[in-house]
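Student: From first to last, the protein sequence lines stand for chains A and B. By the working numbering, the letter at position 40 of the first sequence is numbered 371, and the numbering carries on one by one without gaps. By the working numbering, the letter at position 232 of the second sequence is numbered 237, and the numbering carries on one by one without gaps. Built from N, CA and C at the ideal position, the CB exists for glycine as well. Here's a structure for you.
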Amino acid sequence: MSVFIDKKTKLIVQGITGRDGSFHAQQMKEYGTNVVGGVTPGKGGTKINGIPVFNSMAEAVKKTKANTSVVYVPPAFAVDAIYEAVDAGIKLVVCVTEGVPANDMMKAVPYAKSKGARVIGPNCPGLISPDKSKVGILPGNIVKKGPVGVVSRSGTLTYEAIWALTCAGMGQTTCIGIGGDQVAGTTFIDCLSAFEGDSATKAIVMLGEIGGSDEEDAAKFIKKNVTKPVVAFIAGQTAPPGKRMGHAGAIISGGSGTAVEKIKALNAVGIPVAGSPTELPELLTEQIKKSRKKSTSSKPASRRPAKKKAAARKKAARRPASKKMVKKKAAKKKTAKKKTTARKKSGAKRKR
Amino acid sequence: MKIHEYQAKQLFAAAGIPVPDGDVANDSGTVQGIAERYNKPVMVKAQVHVGGRGKAGGVKYAETPEAARILGQQILGMNIKGLTVNTVLVTVAEEILSEAYVGIILDRASQRPVIMVSASGGVDIEEVAAKTPEKIHKLAVDPAVGLRAYQARDLAFSLYRDIGQVRQAADIIMKLYSVFWKVDASLVEINPLVTTPGGRVIALDAKINIDDNALYRQKDVAAMRDIDAEEPSEVKAREADLSFVKLDGNIGCIVNGAGLAMTTMDLVKRYGGEPANVLDIGGSSNPKKVVSAMEIILEDPNVRAILINIFGGITRCDDVANGLVDAFNQLDLSVPVVVRLTGTNEAEAQRILASRKLPTADTLDGGVKKAIELAGVDQ
Numbered sequence: 332m333s334v335f336i337d338k339k340t341k342l343i344v345q346g347i348t349g350r351d352g353s354f355h356a357q358q359m360k361e362y363g364t365n366v367v368g369g370v371t372p373g374k375g376g377t378k379i380n381g382i383p384v385f386n387s388m389a390e391a392v393k394k395t396k397a398n399t400s401v402v403y404v405p406p407a408f409a410v411d412a413i414y415e416a417v418d419a420g421i422k423l424v425v426c427v428t429e430g431v432p433a434n435d436m437m438k439a440v441p442y443a444k445s446k447g448a449r450v451i452g453p454n455c456p457g458l459i460s461p462d463k464s465k466v467g468i469l470p471g472n473i474v475k476k477g478p479v480g481v482v483s484r485s486g487t488l489t490y491e492a493i494w495a496l497t498c499a500g501m502g503q504t505t506c507i508g509i510g511g512d513q514v515a516g517t518t519f520i521d522c523l524s525a526f527e528g529d530s531a532t533k534a535i536v537m538l539g540e541i542g543g544s545d546e547e548d549a550a551k552f553i554k555k556n557v558t559k560p561v562v563a564f565i566a567g568q569t570a571p572p573g574k575r576m577g578h579a580g581a582i583i584s585g586g587s588g589t590a591v592e593k594i595k596a597l598n599a600v601g602i603p604v605a606g607s608p609t610e611l612p613e614l615l616t617e618q619i620k621k622s623r624k625k626s627t628s629s630k631p632a633s634r635r636p637a638k639k640k641a642a643a644r645k646k647a648a649r650r651p652a653s654k655k656m657v658k659k660k661a662a663k664k665k666t667a668k669k670k671t672t673a674r675k676k677s678g679a680k681r682k683r
Numbered sequence: 006m007k008i009h010e011y012q013a014k015q016l017f018a019a020a021g022i023p024v025p026d027g028d029v030a031n032d033s034g035t036v037q038g039i040a041e042r043y044n045k046p047v048m049v050k051a052q053v054h055v056g057g058r059g060k061a062g063g064v065k066y067a068e069t070p071e072a073a074r075i076l077g078q079q080i081l082g083m084n085i086k087g088l089t090v091n092t093v094l095v096t097v098a099e100e101i102l103s104e105a106y107v108g109i110i111l112d113r114a115s116q117r118p119v120i121m122v123s124a125s126g127g128v129d130i131e132e133v134a135a136k137t138p139e140k141i142h143k144l145a146v147d148p149a150v151g152l153r154a155y156q157a158r159d160l161a162f163s164l165y166r167d168i169g170q171v172r173q174a175a176d177i178i179m180k181l182y183s184v185f186w187k188v189d190a191s192l193v194e195i196n197p198l199v200t201t202p203g204g205r206v207i208a209l210d211a212k213i214n215i216d217d218n219a220l221y222r223q224k225d226v227a228a229m230r231d232i233d234a235e236e237p238s239e240v241k242a243r244e245a246d247l248s249f250v251k252l253d254g255n256i257g258c259i260v261n262g263a264g265l266a267m268t269t270m271d272l273v274k275r276y277g278g279e280p281a282n283v284l285d286i287g288g289s290s291n292p293k294k295v296v297s298a299m300e301i302i303l304e305d306p307n308v309r310a311i312l313i314n315i316f317g318g319i320t321r322c323d324d325v326a327n328g329l330v331d332a333f334n335q336l337d338l339s340v341p342v343v344v345r346l347t348g349t350n351e352a353e354a355q356r357i358l359a360s361r362k363l364p365t366a367d368t369l370d371g372g373v374k375k376a377i378e379l380a381g382v383d384q
């Protein structure tokens, strides 16, 4: 399994005739994503790299039955593209575009939610479920299928961490870049919740950065709701203070937002924070071992409210599944073969 | 983007928020002239993009025009937290009975504009917030509905007892909320909001930060940018479309992506070095950006080595490599350069750079260690 995108993802590329849009449409298609169409107003009826182009999202969705879109249009038009996708019935809109005004997103995100749609981004690299689907700009060659869920506020730092995991033989279910903007459509908590509910995900890597209180909020959420082992990294641990927004920034965050505060909040709920992204695999291995020990002995009562005990026991019973992770590592060579067959399958699907 | 107090007050006044009369000056003679024109005691206020101006001696009271001139001489040219004062605002001094705080900020957590008010405003507002958070009243506004008059009134009731002042404050809060949206602000702040013996409520100070992403449609506000009030190397970087923060160390860093740039800085410190900057060349791969980045870093005399750390995704490594070759040809490179390029079109990049015989690294940690080692070698 994976979260948010998989083989059922049928993708429309908004801004497909632009420089970034056309390049990445091709990249996604090559990776095996089911790219069913693109939209550029005025270019409807043409084709780009064999992908049909439509004038509007409404038309594209009607003709292709797409369920997902990715936005590459320039910042001044990106918010409108999100509304257009949501109004056309798209349930997952990934906005790669950087430089979208935050005030526009404050209105667009609740609007999408009210229509039952999820927005990821803006200013994000998108997401990838190895061997299944990639939506956005994450390089396909650094990921590998496996049991780790990755969620990050960053772009290239995400690649660095994924690459470290892949080199250590730890593949991924889904890697999600939620973007670092003030108003993000999808938060750490949304992704943590999705990974917790995904049976294939056995462990989670969370990559944060200084500023805001997303990591602190995530720590609170994990304490209550996440049973899977989590490790983290925080970028900007040595950033000089002073880049702040007047009094209001300090008042609203109540002093949180620094790396020290974030690490403290994460450590307090049992999440170790790596000193370098390259140390994440080792830390994760330790954390998995620890959680296995915990699940064989009884869970500490303090961590779990009485109501959830029954559920916790069930989950604990499922725990040994994490042992499979080690076996999977041994079988990692097989994934290369799987990749090619998976792609063939998706190709066949497209022809239908 | 930050704008000065006097500019924020212009935007406030245009929205109908009461502010004291005032004018700006760049020399002490003009300061005196303004004070003579008002024929009242004035405040002389340094216009710099930094908090705590008053505590640093940049905001002072003058009884007479002559005293205002002397204060003008003192404050103009003054250095406040590393920034030189080029402009002062001269405003009519108001008699103050109380100081309140009103601010609106885009709150990440609720993803809404949050209005914060406190009857205990003034220079110690952050201490008030930290020690007695119950004295701060907050309201997250639903952007789809907007701020309703009753909500502004409720907030105003937490500031004043007198119904006349409550009405004035409620009106100011409504207008401040409209300014927040009108100029695409990420922050608008009045600290202090004061009451006078005559019962008036006035915005004595004004602060507005604008969302950089919205500047393309805020031409009038964008024109308010004061380049002289910013670090010159940061101005140059912005003009080259690079994100740059100057630091005090000796290892220059060129990285793609903010998170990775910060991580590179963290690792330089972790392995015992000191970064000279954080420079993010961004997502697109334009060889010209690499040349600009090298130029900006080489202008810093402290730099002893340069570390280039690129993880190609949307950025293509071969483009960065071409930019580096251009930089080597155009610039006088007196310091060693360590290159770590990985990801999209990595092999092509290595072919382009092969003839240069540069120190390279395969991993992030390896690249950082190498740069620190080379920066330590006497040249």
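Mind checking which residues open and close the alpha helix (DSSP H) that includes Asn434/A?
Tutor: It spans 433-445 - the alpha helix (DSSP H) in which Asn434/A sits, taken as one unbroken run.
Student: Taking the straight line between their C-alpha atoms, what separation do you get for Thr399/A and Leu342/A?
Tutor: So the alpha carbons of these two residues sit roughly 5 Å apart.
Student: Tell me, please, whether the stretch 108-124 of chain B touches the stretch 176-184 of chain B by the rule of three or more beta-carbon pairs shorter than 8 Å.
Tutor: The stretch 108-124 of chain B, when compared against the stretch 176-184 of chain B, does touch it at the 8 Å Cβ threshold.
Student: Which same chain residues, not among the five before or five after Pro341/B, have their C-beta less than 7 Å away from its C-beta?
Tutor: Excluding sequence neighbours, Pro341/B sits near Ala310, Pro364, Leu379.
Student: Please return the same chain residues whose Cβ sits closer than 6 Å to the Cβ of Ala389/A, not counting the five positions on each side in sequence.
Tutor: Closer than 6 Å at Cβ, skipping near neighbours: Ala419.
Student: Tell me whether the stretch 189-203 of chain B and the stretch 89-109 of chain B touch, counting them as touching only if at least three CB pairs, one residue from each stretch, are closer than 8 Å.
Tutor: These segments touch.
Student: Would DSSP call Arg321/B helix, strand or coil?
Tutor: If DSSP states are grouped into helix, strand and coil, Arg321/B belongs with coil.
Student: Here's the rule I'm using: 16 or more other beta-carbon atoms within 10 Å means buried, otherwise exposed. How should Gly567/A be labelled?
Tutor: Under this definition Gly567/A is a buried residue.
Student: Among residues of its own chain, excluding the 5 on either side of Gln12/B, which ones have a beta-carbon nearer than 7 Å to its beta-carbon?
Tutor: Cβ neighbours of Gln12/B beyond the five flanking positions: Met229.
Student: Taking Cβ-Cβ distances below 8 Å as the criterion, which residues of the stretch 484-510 of chain A are in contact with chain B?
Tutor: From the stretch 484-510 of chain A, only Arg484, Ser485, Gly486, Thr487, Leu488, Thr489, Tyr490, Glu491, Trp494 have a Cβ closer than 8 Å to chain B.
Student: Does the beta carbon of Asp411/A sit closer than 8 Å to a beta carbon anywhere in chain D?
Tutor: Of the protein chains in the structure, A and B, none is chain D.
Student: List the residues of chain B whose Cβ lies closer than 8 Å to the Cβ of Asp540/A, in chain order.
Tutor: According to the sequence shown, residue 540/A is Glu rather than Asp. Chain B residues near Glu540/A: Ala263, Gly264, Met267.
Student: Residues in the stretch 107-122 of chain B with C-beta within 8 Å of chain A's C-beta atoms, listed in sequence order?
Tutor: Cβ contacts with chain A come from Gly108, Ile109, Ile110, Leu111, Asp112, Arg113, Ala114, Gln116, Arg117, Pro118, Val119, Met121.
Student: Can the beta-carbon of Glu239/B be found closer than 8 Å to that of Lys251/B?
Tutor: Contact flag set, yes.
Student: So, helix, strand or coil for Phe552/A, using DSSP?
Tutor: It is helical.
Student: Quick check: Val273/B and Val373/B, are their CB atoms within less than 8 Å of each other?
Tutor: Yes, the Cβ-Cβ distance between Val273/B and Val373/B is below 8 Å.
Student: Look at the alpha carbon of Gly421/B and the alpha carbon of Ile101/B, and state the distance between them as a whole number of angstroms.
Tutor: Because chain B in this structure spans residues 6 to 384, residue 421/B falls outside the shown range and cannot be described.
Student: Entirely within the stretch 136-167 of chain B and at least 3 residues each: give me those beta strand (DSSP E) ranges in chain order.
Tutor: Counting only runs of 3 or more, we get 142-145.
Student: Met270/B versus chain A: which residues are under 8 Å apart at the beta carbon?
Tutor: In chain order: Gly567, Thr569, Ala570.
Student: Mind the definition here: the stretch 548-560 of chain A touches the stretch 509-516 of chain A only if three or more C-beta pairs lie below 8 Å; say whether that holds.
Tutor: Short answer: they don't touch.
Student: With distances taken Cα to Cα, identify the nearest neighbour of Ile80/B among Ala190/B, Glu300/B, Thr268/B, Asn91/B.
Tutor: If we check each option's Cα against that of Ile80/B, Asn91/B comes out closest.
Student: Just verifying my parser: in three-state terms, what is the DSSP assignment at Ser400/A?
Tutor: Strand, per DSSP.
Student: Suppose contacts are defined by Cβ-Cβ distances below 8 Å. Is Glu351/B in contact with Gly317/B by that definition?
Tutor: Cβ atoms of Glu351/B and Gly317/B: closer than 8 Å.
Student: Identify the contact partners of Gly318/B in chain A, using a Cβ-Cβ distance below 8 Å as the criterion.
Tutor: In chain order: Pro456, Ile468, Leu469, Pro470, Gly486, Thr487, Tyr490.
Student: Please say whether Asp324/B and Pro292/B have beta carbons closer to each other than 8 Å?
Tutor: A contact, by the Cβ cut-off of 8 Å.
Student: Whose C-alpha, out of Ile141/B, Tyr66/B, Val53/B, is nearest the C-alpha of Ala391/B?
Tutor: It is not possible to answer for residue 391/B, since the shown part of chain B is limited to 6 through 384.
Student: Please name the residue in Gly376/A, Ala416/A, Val384/A whose C-alpha comes closest to that of Ser353/A.
Tutor: The shortest C-alpha separation from Ser353/A is found at Val384/A.
Student: Since Val410/A and Thr517/A are thought to touch, with beta carbons under 8 Å apart, how far apart are those beta carbons, to the nearest angstrom?
Tutor: At roughly 16 Å, the Cβ-Cβ gap does not stay under 8 Å, so Val410/A and Thr517/A are not in contact.
Student: Taking the straight line between their C-alpha atoms, what separation do you get for Val93/B and Gln37/B?
Tutor: Each residue's Cα considered, the two are about 12 Å apart.
Student: How would you call Ile168/B, buried or exposed, if buried means at least 16 neighbouring beta carbons within 10 angstroms?
Tutor: That one is exposed.
Student: Rank Pro70/B, Gly21/B, Gly254/B by C-alpha distance to the C-alpha of Lys45/B and give the top, closest one.
Tutor: Among Pro70/B, Gly21/B, Gly254/B, the Cα nearest to that of Lys45/B is on Pro70/B.
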